[in-house]
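Quick note, the sequence shown lines up with residues 403 to 734 if you use our numbering.
For reference, the structure is listed below as structure tokens.
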Amino acid sequence: MKKILILTTGGTISSVPSEEGLIPKDSHTVLKTILEDKETRIESEGILVLDSSNIQPEEWKIIAAKLYENLKDFDGIIITHGTDTMSYTASMITFMLQNPSIPIVFTGSQLPLSHPLTDAIDNLRCAFAMAKSGIPGIFLAFNRKIMFGSRSVKARTSSFDAFESINLHPLGRVSATGLKIHKEMLHENKKEPKLNLNINTNVFLLKITPTTNPSIISLLISSGIEGIVIEAYGAGGISYIRRDFIKEIKLAIKKEIPIVVSSQCLYERSNFNIYEVGTKLLASGAIEAYDMTSEAAVTKLMYALGQTKNLAEIKKIFLTPIAYEIQPDYEE
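Written out as structure tokens, the structure is:
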């Protein structure tokens, strides 16, 4: 008999109406009854009761430690989480808890469990099927799709199809024939599970516009920021006439502050080799994010900075694939 653990953290799925709007409640016992299965032993535990807007690095560490603690006792773990920051949490857990030996599946809902039209039950059952699959990894289940946690992005505010798998097809889908998993997408990994809670949260995500003053980089550094992810234009464009970002990036790197540059475009990869502005970025010492999501780029830079302050080592960690967050060969 398989053993599945449900961990709840709050979010819309467990929310109830109040005078000030929806607020999360402890719901782990209710969720357990929804997934009752004669062939599966289900246990549940509430570890947090928070709107996901309030789930921050301190909570990431609680979640990662709780997951690691239960790896040997269960065949799969489901984590319910608010949708707004679930992609950040799933990405960070991918780096904090590497090589998990069982499926770990994040899910949530756009409507509370108590709502008559809720999507919570469907999402829970999808997550349950993946948790029982025996395929190890960090995943996100939503609207009958199974995505790698490090590739998931909340792309819609209210649609039931809220999440997209960016630059990598979903690993699995649920249809009338059941859960179909594309096992050919999986890489063999026989490494032991590893928990590493050392992260540096002094990382800032900067989305540039044609009017952004490049001196904001120096301002961020003076405020204590130790790593910056810049969302540039298109394949990696950034201004150097009048508003000279290249100069500021070079100054930052001289101060040993890593600068990662990604694209503002949701899909497809950055490529600094196409345009002059991109080649200037490469020459400046910036790290290219390639096809990573912004959520993955920010959390992976936090993880890398938690391991070392050496720029060369940070770049090596950042560009080494851990769990599907970046293509290993950087090919289209």
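All C-beta atoms, glycine included, are put in the ideal place defined by N, C-alpha and C.
Original post:
Hey, out of S417, N591, R527 and V605, whose CA is closest to P459's CA?
Top reply: V605
Subject >> Per-residue DSSP class, three states only, for R645 >> reply: Three-state DSSP puts R645 in coil, outside helix and strand.
Original post:
Going along the chain, which residues of its own chain have a beta-carbon closer than 7 Å to the beta-carbon of I724, five neighbours each way excluded?
Top reply: T496, F497 and Q500
Subject >> Integer-rounded CB distance, given that L683 should sit under 8 Å from I648 >> reply: 7 Å
**OP:** Determine contact between the stretch 438 to 457 and the stretch 592 to 604, defined as no fewer than three beta-carbon pairs at a distance below 8 Å.
**Re:** no
**OP:** Counting only runs of 4+ residues fully inside the stretch 593 to 669, write out the alpha helix (DSSP H) ranges in chain order.
**Re:** 618 to 624 and 647 to 656
**OP:** Name, in chain order, the residues that DSSP records as bridge partners for D524.
**Re:** Per DSSP, none; premise fails for D524.
**OP:** Could you tell me if E733 is buried or exposed, where buried requires 16 or more neighbouring beta carbons within 10 angstroms of its beta carbon?
**Re:** With a pLDDT of 43 at E733, under the threshold of 50, the modelled position of that residue is not reliable, and no figure is offered here.
Original post:
Does the Cβ-Cβ distance between T411 and I479 come in under 8 Å?
Top reply: no
Original post:
With a Cβ-Cβ cutoff of 8 Å, do A557 and F565 count as a contact?
Top reply: yes
**OP:** May I ask you to report which of helix, strand or coil DSSP gives M694?
**Re:** coil
**OP:** Would you kindly check if the distance between the Cβ of L703 and the Cβ of P660 is under 8 Å?
**Re:** yes
Original post:
Given that a residue counts as buried once 16 or more other Cβ atoms are within 10 Å of its Cβ, and exposed if not, what is I643?
Top reply: Answer is exposed; the Cβ neighbour count stays below 16.
Subject >> Straight-line gap, E586 to F550 (C-alpha atoms, nearest Å) >> reply: About 14 Å.
Original post:
Among the residues of its own chain, which have a CB less than 7 Å from the CB of L515, if the five just before and after it don't count?
Top reply: I415, S416, S429, V432 and A522
Subject >> Contact under 8 Å by Cβ, K534 with I406 >> reply: yes
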